[in-house]
Amino acid sequence: MRHATPDASSYWYGSGDEEATAAALLAALRDYRTAEADLQRRTRAEMGMTENELLAIGLISRASRAGAELAPGDLARELGLSTASITGLLDGLERAGYVERRRHPTDRRRLIVAPTALADADPRATLGLVHERIVDAVHQLTPDEVAGASKFLEHMTRSVREILVATEAVAIVPDADAVNP
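Numbering (UniProt numbering), first residue to last: 1 to 181.
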């Protein structure tokens with residue numbers, strides 16, 4: 001893996017001390033994101049799942065732990081998928097033993113999706129060591145460092161979400177002449 005260095009990043013961030021500090025921090029964040037993406041790919045491969053399947057299990061499990069009911073349509077919205085795609089995804093997860101679809105307890109016309117014991121056990125077996133290492137990394141920080149890291153990540157998350165919202169309305173419309181010469 002090629003690591004971005006502040007010098008290599010000066011094209012984007014300038015060359016002053018503050019810019020070098022920002023470039024170093026953003027390079028570290030990129031390195032973390034790359035390592036995390038590599039881990040996610042390996043986890044999906046070990047579990048034989050797609051990214052959406054793993055995300056769905058996470059959403060379904062978190063909703064269940066929070067005591068919330070998650071309908072297939074809710075899951076489709078969260079993942080940005082069609083209801084037909086969610087049906088196929090849930091069919092596969094149900095066959096594999098990770099989820100079950102149940103009738104809503106008060107509205108028998110509605111379905112809810114619930115995790116099985118395997119939905120919790122399988123990811124834990126695969127990611128247990130990872131979770132321990134992450135918790136250990138956090139414990140190595142002082143409370144002020146944790147607060148600073150949390151503040152940085154909150155600002156980064158808000159910035160990215162603002163960009164997503166601002167650019168969501170911009171539709172890419174192909175040039176009609178290019179499509180139909």
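All C-beta atoms in this analysis are idealised placements derived from N, C-alpha and C, irrespective of residue type, glycine included.
The structure presented is a predicted model; accordingly, all values stated were derived computationally and were not measured.
Practice problem: Kindly identify the DSSP beta-bridge partner or partners of Glu132. | Solution: Here residue 132 is taken as the residue at index 132 of the sequence shown, counted from 1. According to DSSP, Glu132 bridges with nothing at all.
Quiz item: Any idea which residues DSSP pairs Ile112 with across the strands?
Solution: The count along the sequence shown starts at 1 and reaches residue 112 at position 112. Paired residues: Arg102.
Quiz item: From Asp38, Glu46, Glu51, pick the residue whose C-alpha is nearest to that of Leu79; which is it?
Solution: For the purposes of this step, residue 79 is identified with residue 79 of the sequence shown, where counting begins at 1. The option with the nearest alpha carbon to Leu79 is Glu51.
Quiz item: Do the CB positions of Ala96 and Ser64 come within less than 8 angstroms of each other?
Solution: By 1-based counting over the sequence shown, the position of residue 96 is 96. By 1-based counting over the sequence shown, the position of residue 64 is 64. The answer is no: Cβ separation not under 8 angstroms.
Practice problem: Give the secondary structure of Arg62 by DSSP, where H, G and I count as helix, E and B as strand, and everything else as coil. | Solution: Counting from 1 along the sequence shown, the entry for residue 62 is found at position 62. Of the three classes helix, strand and coil, the one that applies to Arg62 here is helix, per DSSP.
Self-check item: Counted within 10 angstroms of its Cβ, other Cβ atoms place Ala84 as buried (16 or more) or exposed
Solution: Counted from its first residue, the sequence shown places residue 84 at position 84. Label assigned to Ala84: exposed.
Quiz prompt | Secondary structure of Leu70, DSSP reduced to three states | solution = Here residue 70 corresponds to residue number 70 of the sequence shown, with the count starting at 1. The answer is strand: DSSP assigns Leu70 an E or B state.
Practice problem: Please go through the same chain and pick out, in chain order, the residues whose beta-carbon is closer than 7 angstroms to the beta-carbon of Val130, but skip the five residues on each side of it. | Solution: Translated into the one-based positions of the sequence shown, residue 130 becomes position 130. Excluding residues within five positions, the ones whose Cβ falls inside 7 angstroms are Leu39.
Quiz item: What first and last residue would you give for the alpha helix (DSSP H) that runs through Asp144?
Solution: If you number the sequence shown from 1, residue 144 lands on position 144. Residues 143-168.
Practice problem: Starting from Gly92, follow the alpha helix (DSSP H) in both directions and report where the run begins and ends. | Solution: The residue given as residue 92 occupies position 92 in the sequence shown. First-last of the alpha helix (DSSP H) with Gly92: 83-95.
Practice problem: Please check the pair Met47 and Leu54, which I expect to be a contact at CB under 8 angstroms, by giving their CB distance rounded to whole angstroms. | Solution: One-based indexing of the sequence shown puts residue 47 at position 47. One-based indexing of the sequence shown puts residue 54 at position 54. Indeed they touch by this definition, with Cβ atoms about 7 angstroms apart.
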